[in-house]
Every structure is written in structure tokens, then in C-alpha cells.
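Residue numbers (the working numbering): 1094 to 1355.
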Amino acid sequence: MTQAGSITKDLEKAPSALTNRLPLWQWLRRAVLIAGISWGLFVLILAAIIEPTPHNNAMFLSIATSGAYTVVLWVTRPLWLPILGLMPRVSAVLLGILNAAIVETIFWFFEMLTGAEGIAAHPNLLIDLLITMPWYIPMVATFVWVQHRRRFSAGTVLLLGGLYELGGDGFVGPFISLFLDGNTQVINPVYWLLLGLIAFWQFILVYSSMLLPSAWLVNKLPPIPKPKLPAWVDAILPLLWLPLFMVYVFVLILILGFLGVA
């Protein structure tokens, strides 16, 4: 074989550099995701430095710790992923639920540590979990089912986490407050503008450990045929639990009020 023929054969075997490159839109999505999360963290840090109130300090510590926890899970995944991967579907749901409880505890802990108010759902951790877990459990379970069908990329999963938190925390609480206290924040366009420009990117870190490790486990399952419906329909399915969750929280608040639990 001539030298030219050998080179040609090697080139045919070697993957093309062009085919290995990600499409431009994927690079743009990654850039936007990284820039958005960095922007959200920058605002948190700036707020804690310029106005170091208990609330600002607790928010920064809680969100940063939640993101750091996800990084720890990513670094240690060679240790736990093979074990939990023996039952990937069940493990994905249980791990997501466990991480949701851990994140909620992180927020509660830093609220207690800094003396802040309104960071956790309730000053009592058990009541806090009683309020929030009925949202986290079906949200995670539905996401795992959706992820098995769609296999969303890690970047998309992170963005969906921000979207789910936008609904679970950005909408439900203020909406209930509108009826109980007459707080009109939820119908204020400026509120939603700030949520979209700043809080959404911070929310990504909060929900990252609930969804991303579960997605890693789901990826161990054999793929199934994708449904004919658009991917965005599956992506928003976890949000369909929000109306039922709002009813639950509203009733629970009334019961706690009747029992004299502040």
C-alpha cells in the first residue's frame, strides 16, 4: 500500500473533526446557560456584599451550597452511579426526592443560621417538608418518566429545573399570598421581569441536584421510541401538578392556622 493510500485509509477510519463539533445552536445554548448561571450568582454575591442583610446572606449561602452539592454528586458519581444504576428507574425517583429534601433542609439551615425570614417555607423543618415535599415528589417522578422518553441533554435538564422552580416557588407562594393577604406581587409585571432576568438563573442551581443525577440514572435505561408529541409538551408535564399543589398548600395553611401553628 502506498503512503498516500495509507493516509487516506487512516483518515477514513478517524472521525472527522467537523462531525465531532457540536452544532452552533448547542454551543450557543451552553454559552447562554453558563452566562446565565454566572449572572445569577454575581447578583447574589453583589447583594450580599452591598447589602449584607440576613435575607441576602441566607439566599446566597443556600443557592451556592445547593449548586455545590450538585457538583459533589457529579464528582463522586463513579462511586454511587454503578450501585444505584442496578435499579435506575426507582433509584432516579428516590434520589431526586432525597435531594429535594436535602436542598429544602439547606435553605432551612441557613435561614436559622443567619436569622433570616422567608427563605424556607416554614421555620419548623418538619412543617417545611410537609408543605414542600408534595410538590417535589410528583415533580421528580414525572420528570423521570419524561426523561426516559426524551433523554433531554444536561443543559436542557438544568433549564427545566429553573422552569419548574419558577412555577413551584415563583408562582405558587405569591399566588396563595394574593388570596390570603391581598399581596398583588404575583400580578405585577416587574415581579415577573425580575424572575425571568435574575431569579430563573439562580433557580437552576436550586433544582440541579433534584433532576440532573436522576437524568444520569435514567440514561442507563434502554431507550424507548420517542412519542409523536412535541418535546416541549413532555417538558412541561411536571408543571401540571401545580394546580393540585396550590390547593394542597391552601388547605394546609388553613389547617395549620386552625391548629394555631404559626
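Backbone N, C-alpha and C fix where the C-beta goes; we use that ideal spot for every residue, glycine too.
Assigned secondary structure, residue i (DSSP; H/G/I helix, E/B strand, else coil)
i	result
LEU1206	helix
GLU1258	helix
SER1131	helix
VAL1342	helix
ASN1149	helix
THR1277	coil
ASN1192	helix
GLY1211	coil
LEU1121	helix
MET1365	Shown here, the chain extends from 1094 to 1355; a query on residue 1365 therefore has no answer.
Beta-carbon contacts of residue i that lie in its chain and below 6 Å, excluding the five residues immediately before and after
i	result
THR1207	PRO1147, ASN1150, ALA1151
PHE1245	none
LEU1335	GLY1260
Spatial distance of residue i from residue j (CA atoms)
i	j	result
TRP1325	ARG1170	29 Å
LEU1259	LEU1218	22 Å
GLN1295	LEU1126	11 Å
GLY1160	SER1302	8 Å
ASN1276	TRP1118	41 Å
ALA1308	ALA1157	21 Å
LEU1333	ASP1221	22 Å
PHE1272	LEU1322	36 Å
Cut-off 7 Å between Cβ atoms - residues of its own chain near residue i, not counting five sequence neighbours on either side
i	result
LEU1304	GLY1189, PHE1236, VAL1250, LEU1253, GLY1254
VAL1164	none
LEU1177	SER1184, LEU1188, LEU1310
C-beta contact flag for residue i and residue j at 7 Å
i	j	result
ASN1155	ILE1224	Going by the sequence as given, residue 1155 is Ser instead of Asn. Not closer than 7 Å, so no.
VAL1299	ALA1185	no
GLY1263	LEU1288	yes
8 Å Cβ shell around residue i - same chain, five flanking residues per side excluded
i	result
ASP1327	VAL1239, ARG1242, ARG1243, PRO1320
Cutoff 7 Å: residue i Cβ touching any chain B Cβ
i	result
ASP1274	You won't find chain B in this structure, because it holds only one protein chain.
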